[in-house]
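Engineer: Can you read through this structure? Questions will come right after.
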Amino acid sequence: MCAQKLKITLILNDDGWWTAKNNKVQVASQGKTRKEALDNLDKAIALKKGKTGHKPTEEELKEVGIEPKNNSAKDKELPDILK
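Counting from 0, one number per residue, gives the positions in the sequence shown under numbering that gives the first Met the number 0.
Have a look at this one:
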């Protein structure tokens with residue numbers, strides 16, 4: 000795998016939190032520390048690029064109050080989060 004160079008902008012906000020931004024990928028995240036902001040940015044970039052996540056299981060849907068049997072897309076397209 001080839002390493003990719005990405006320009007990261009780190010901002011220390013007035014409230015003490017850090018913001019990490021990557022304008023090329025158009026993703027930003029935050030954290031209480033620089034490390035947390037950068038770790039969260041890595042996760043956000045992976046999500047944006049589709050390198051993480053999965054189709055929710057019926058059990059996971061039920062845990063957040065969605066009953067799969069009572070909810071279907073029928074002729075509608077599924078939201079991205081459910082694909």
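Beta carbons are placed, not taken as given, at the ideal position from N, Cα and C, and that holds for glycine.
Check residue 10 in the structure and name its three-state DSSP category.
Structural biologist: strand
Engineer: Measuring CB to CB, does residue 36 end up less than 8 Å from residue 18?
Structural biologist: yes
Engineer: Taking residue 39 as part of the alpha helix (DSSP H), name the residues at either end of that continuous run.
Structural biologist: 33 to 47
Engineer: List the endpoints of the continuous beta strand (DSSP E) containing residue 20.
Structural biologist: 17 to 21
Engineer: Would you list the residues sitting across from residue 29 in a DSSP beta bridge?
Structural biologist: Answer by DSSP bridge pairing, in chain order: 18.
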